[in-house]
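Positions in the sequence shown are counted from 1; adding 65 to them yields my numbering. Note that the Cβ used here is the ideal one computed from N, Cα and C, for glycine as well. Worksheet for the structure shown next.
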Amino acid sequence: MQPIYLLLLALATAISAQTTTVQVFNAGETTIPLSGVEASVVGANAIATTFAMQCKDNAPTSLCDLDDPVTITAGPSTMTFSAVYTTKTLGVNVKLTLMNDCDVTSSTAASCSGSAGIYGSTLGVSRSSSTTWKTSYSSDDIYYQPLTVTAGVDKLNAPQATQTPDAAAAGHVGVGGAAAAAVAAAAYGFI
């Protein structure tokens, strides 16, 4: 085999090893697919993996409308996201804050609690509103969506990915899921 072909084969293998697809927990209704986002691994341990999500290059806003990367923390028994999404529409500045924390007890059962708040202002006038919820999901409501991971894949195989964090660090942490946040906001009539 020619040396250039060996180099190309090695390069193709290295590139494919740096991209993977993981299945992430989701529950309830959603209209926003994860096909417009890609993620990088921020950190991983035996309990959960934290991903930073952002829009794929040239993704249409119908598939991804994130201005900034957001993070999502997911594991076999947890799914946590919180997001802050800001926009300006027709001269109105809007800030939407969402938090959702799910205890995934099995692939067919989960209990989630969360909160949503919205703040809007225009011409010196401001308004805000908030709500909280707690929902249990059964097998009919639970599904897993593929999420393309394009960076940090090596962290999934690093030694710390199999270690359990100490008790102080084992809590649910994470910032993110603006795609899911937008769905929740729409469901509550915020957007």
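Item	Value
Considering only the beta carbon of each residue, do S176 and D166 sit closer than 7 Å?	no
Within the same chain, show all residues whose beta-carbon is closer than 6 Å to that of T213, passing over the 5 residues directly before and after it, in chain order.	T86, E103
CB Q210 to CB V135, shorter than 7 Å?	no
When the distance is taken between beta carbons, is R192 closer than 7 Å to G185?	yes
For the putative contact between A139 and A113, defined by C-beta atoms under 8 Å, what is the C-beta separation to the nearest angstrom?	6 Å
How far does the beta strand (DSSP E) with E103 in it extend, from its first residue to its last?	102-109
Here's a check: name, in chain order, each residue in its chain whose Cβ is nearer than 6 Å to the Cβ of V149, leaving out the five neighbours to either side.	T162
Using DSSP's beta-bridge definition, name the partner residues of N165.	F146, G179
Between V218 and Q83, is the Cβ-Cβ spacing less than 7 Å?	yes
Which residues does DSSP list as the beta-bridge partners of Q88?	P211
For A79 and N222, I'd like the C-alpha separation in whole angstroms.	Caution applies to A79, whose pLDDT of 44 falls short of 50 and renders its modelled position unreliable; the value that the coordinates give is listed next. Computed Cα separation, rounded: 15 Å.
Per DSSP, Y138 is paired with what?	The residue you asked about is not Tyr; residue 138 is Thr in the sequence shown. BP columns for T138 point to T115, T145.
Under 7 Å, do L157 and T200 count as touching if we go by C-beta distance?	Note on identity: in this sequence residue 157 is Val, with Leu being the wrong assignment. No; because the gap between Cβ atoms is not below 7 Å, this pair is not in contact.
Hey, quick one: how far does the beta strand (DSSP E) through S191 stretch, first residue to last?	190-202
Which one of S105, S172, C129 has the shortest CA to CA distance from V206?	Note on residue identity: the sequence assigns Asp, not Val, to residue 206. Ranking S105, S172, C129 by Cα distance to D206 puts S172 first.
Use the C-beta contact count for I154: other C-beta atoms within 10 angstroms, 16 or more gives buried, fewer gives exposed.	This sequence places Thr at residue 154; Ile is not what is there. By the 10 Å Cβ count, T154 comes out exposed.
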